[in-house]
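Asker: The structure is given below, and queries will be raised subsequently.
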Amino acid sequence: MPLRLFNSLHRRVEEFTPIDPGAGSVGFYCCGPTVYDFGHIGNFRTFVFADLLRRHLEFRGHRVNHVMNITDVEDKIIRQVAATGLGLAEFTGRYTEAFLADLGTLACRRPHHLPRATEYIPQIIDLIRRLEQRGIAYRAADGSVYFSIQKYRGCGCRYGQLITLDPEAQRRTERVSGDTYDKDDLADFALWKARVPADGAVSWESPWGQGRPGWHIECSAMSMALLGPSFDLHLGGEDLAFPHHEDEIAQSEGAGLQAPGRPFVKHWVHAAHLLVDGKKMSKSLGNFFTVRDLLAQGFQGREIRFLLLGAHYRETFNFTREGLEAARSALARLDATIAQLAERSGSSAATSTAVDSPFVAAFGEALDDDLNVSKAWAIVFDWVRETNAALAGGTLGAAESAARLADWRRVDGVLGIGSRPEEEIPAGVQALLERRQVAKAARDWATADAVRGELKALGWTVEDSKAGTRLKRL
RNA sequence: GGCGGGGUCGCCAAGUGGUAAGGCACGGCUCUGCAAAAGCUGCAUCGUCGGUUCGAUUCCGACCCUCGCCUCCA
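Under this note's numbering, residue 474 is the last one in the first sequence; the count climbs by one each step, no gaps.
So this is what it looks like as C-alpha cells:
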C-alpha cells in the first residue's frame with residue numbers, strides 16, 4: 001500500500017502521489033516560525049511532525065526538497081526591534097539561530113532551504129504587481145495594497161478551499177473590528193503595508209512607496225520561487241489553515257502562474273495543536289514551555305521528541321510533565337535493548353537484504369497509513385519485547401543481533417530518536433564501583449549494598465548479571 | 001451564533017460492524033546473595049440515552065462534557 005495522507009483540501013485521506021512524478025523530488029513546504037521569541041513546544045510539535053513526514057517520504061525512496069520559511073518581518077518583530085533598539089537583522093538573527101538550535105535539539109533534519117522574508121522582497125513585489133495587473137489587488141487610501149477577495153472570486157477562483165466559510169455567519173471578533181485599515185471589504189487582507197512611523201527603519205522601497213510585505217504573501221512568493229508554482233506538500237499548524245493558508249492559495253492561484261488545471265499545492269496537511277495539562281498553551285496560564293525550559297529541567301531533546309511523536313498528528317495532544325517522565329522510562333527500555341544488541345553483535349556487520357524484515361515492513365506500513373505513528377510505536381515495542389526475550393533466552397547470535405540492530409537503525413532513520421548520549425563515568429563513581437566489586441567478591445553483601453546505595457545517590461544504578469556488572473545513569 | 005475536532009484501562013494513546021494495539025504506572029511469578037534489568041503473567045466492554053443490525057465501542061439520532069478556529073497564533 002502506498003502512503004496515504006489526509007488532505008485538508010478535500011478533507012479525506014488520499015493516496016500521496018507527486019504532482020510531477022518526473023520531477024525527481026517532492027516539493028515540501030512547511031510554514032516556519034516568526035522569529036520574535038523562542039519557539040514553544042507547541043510550535044515544535046508541527047515541526048517534529050513535518051520532520052517525521054519528510055523522513056518517512058525519504059524512507060519510501062522519495063527525494064524531498066524541504067523548504068521552511070523564516071518570517072523575519074512582522075508586527076511583533078517591529079515592536080520588539082523598537083523596544084530593544086537592535087537592528088532588525090540582528091534581532092531576528094538571534095531568534096533564528098535559537099530556533100535552528102532547538103530544531104537540532106529535537107533531531108529534526110535541517111530543511112534544505114530556509115528563506116527569510118526580507119531576502120525575498122523583490123519576488124514579493126513582483127507577485128503583488130502581478131496581482132495588481134490582474135485586477136485582484138488594489139491600493140487603498142492608506143497607501144497599502146490589499147487583496148480583493150471579491151475580484152478574485154470574479155475571476156472564477158474559489159476562496160474557501162480549506163474551510164467552509166459563510167461570511168454572513170461570522171462573528172465580528174475584536175480582531176476584525178479592531179482592524180483599522182482602509183480595506184474595501186473586511187475579508188480583504190494586506191499584501192503590502194504602507195510604512196507608518198512606528199515601523200522605524202523597517203521598510204523597503206516598492207512601486208507603492210515605502211512599506212513592508214503582508215504576512216501571507218511571503219509564503220506564496222518564497223514557496224513558488226523555490227518549488228515552482230505548483231508543488232506537492234504544504235504543511236503547517238491547524239490554526240494556519242485559515243486565514244493564512246487560504247490566503248496563500250488565493251494569492252498564488254490569483255496570480256495565475258500555474259499550468260492549466262494545476263493547483264498551487266496538491267496536498268495540504270495540518271497538524272493539530274498541543275494542550276498542556278488539558279488546556280491550550282497560553283502565557284496568561286503560564287503553561288508555556290520552550291525547548292530550553294525543558295532542557296533546563298533536565299529533560300533531553302530525544303525525550304521531548306519521543307513524546308511529541310506519541311500521538312497522531314491530527315489529534316490534539318496533551319503535553320504533560322508526567323508524559324515526559326513516561327517518555328524517559330520508555331526510552332530507557334528501548335536503549336537497553338539496543339545497547340544489548342550492539343554488544344551481542346560485536347564486530348559482525350549485518351548483511352544488507354533487498355527485502356525489509358517483517359518488522360521494518362510493518363513499521364513502514366503503519367506510517368503509510370496517514371502517519372499512524374502510534375501504531376508504528378506499538379510495532380517497535382512488540383519488537384523490543386520479542387528481542388528482549390530472545391536476548392534473555394540466549395538464542396541470539398552475533399549475526400542475528402547485527403541484523404536486528406540494522407533493522408532498528410532503519411526504523412530509527414524515520415523516528416530520529418537516536419541513542420542516549422554516552423555519559424562518562426566519573427573517577428569517583430568508578431572507584432565506588434570497584435569497591436563494590438571487591439566487597440561482592442568477598443561476599444560482603446552489607447558493604448556491597450551500601451556502596452550501591454551511595455552510587456544511587458550519585459545518580460548511577462548498578463545492574464549485576466551473568467555477563468558482569470553494568471553501570472547505568474539514572 | 002457559524003464551522004471543525006474530541007470523550008477508549010490510574011495516566012498517555014491506537015483501532016475495528018463480530019466482543020479492544022502499544023507506552024508509563026501497578027500486582028503476581030521466574031531470575032538474583034539482595035536488588036536492578038529482563039521475561040512470563042494479571043489488569044478496560046470503549047461519555048449518556050435511544051435506534052439500525054444476527055451482532056455496535058465502531059453506523060444513525062438526541063443529549064451531556066470538552067478542545068479548537070471564526071481574518072496576520074504552530
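The beta carbon of each residue, even a glycine, is placed where N, CA and C say it ideally should be.
None of the values given here were measured: they were computed from a predicted structure.
#1: Start and end of the alpha helix (DSSP H) containing Cys219?
#2: Look at Ala350 and Ala403 and say whether their C-beta atoms are less than 8 Å apart.
#3: Grab me the residues of Leu275's own chain with a C-beta within less than 8 Å of its C-beta, minus the 5 sequence neighbours each way, in chain order.
#4: Which value, in whole angstroms, describes the spacing of the CA atoms of Lys456 and Glu423?
#5: Candidates Thr469, Pro229 and Ser348: which alpha carbon is nearest Gln258's?
#6: Would the stretch 404–412 count as touching the stretch 359–371 if we require 3 or more Cβ pairs under 8 Å?
#7: Which partner residues does Lys189 have in the DSSP bridge list?
#8: So, with DSSP's three-state summary, where would you put Ala140?
#9: Which class does Tyr261 belong to by DSSP, given the choice of helix, strand or coil?
#10: Using the C-alpha atoms, what's the distance from Ala296 back to Asp356?
#11: Leaving out five residues on either side along the sequence, give the residues of the same chain with a beta carbon under 7 Å from the beta carbon of Arg139.
#12: Count the other CB atoms, across all protein chains shown, that sit within 10 Å of the CB of Gly156; report buried if there are 16 or more and exposed otherwise.
#13: In the structure shown, what three-state DSSP assignment does Arg175 receive?
#14: Excluding sequence positions up to five away, which residues of its chain have a Cβ less than 7 Å from the Cβ of Arg302?
#15: Name the DSSP bridge partner or partners of Glu463?
#16: Whole beta strand (DSSP E) runs in the stretch 229–313 with 3 or more residues, listed along the chain?
#17: Taking all protein chains shown into account, decide if Arg354 is buried (16 or more other Cβ within 10 angstroms of its Cβ) or exposed.
#18: To which residues of the same chain is Arg55 closer than 6 Å at the C-beta, ignoring the five residues directly before and after it?
#19: If you run the structure through DSSP and keep just helix, strand and coil, what is Ala194?
#20: Relative to the C-alpha of Gln161, which residue among Ala201, His10, Arg195 and Val462 is closest?
#21: Name the residue from Phe38, Gly32 and Glu58 whose alpha carbon lies nearest to the alpha carbon of Thr46.
#22: Helix, strand or coil for Val26? Go by DSSP, reduced to three states.
#23: If distances are taken between C-alpha atoms only, which option among Gln300, Leu334 and Arg333 comes closest to Arg321?
Answerer: Walking through what the data contain:
#1: Trp215 to Leu227
#2: yes
#3: Met281, Thr316, Phe317, Asn318 and Phe319
#4: 15 Å
#5: Pro229
#6: yes
#7: Checking the displayed sequence, the identity of residue 189 turns out to be Phe instead of Lys. BP columns for Phe189 point to Phe147.
#8: coil
#9: Note that residue 261 corresponds to Gly in the displayed sequence, not to Tyr. Here Gly261 sits in coil by DSSP.
#10: 40 Å
#11: Val145 and Trp208
#12: exposed
#13: Interpretation of Arg175 is limited by its pLDDT of 48, a score under 50 that renders its predicted location unreliable; the figure taken from the coordinates is listed afterwards. It is helical.
#14: Ala107, Leu331, Ile417 and Gly418
#15: Arg470
#16: 231–237, 265–271 and 274–276
#17: Sequence check: residue 354 is Ala here, not Arg. Exposed: under 16 other Cβ atoms inside 10 Å.
#18: Val414
#19: strand
#20: His10
#21: Gly32
#22: strand
#23: Gln300
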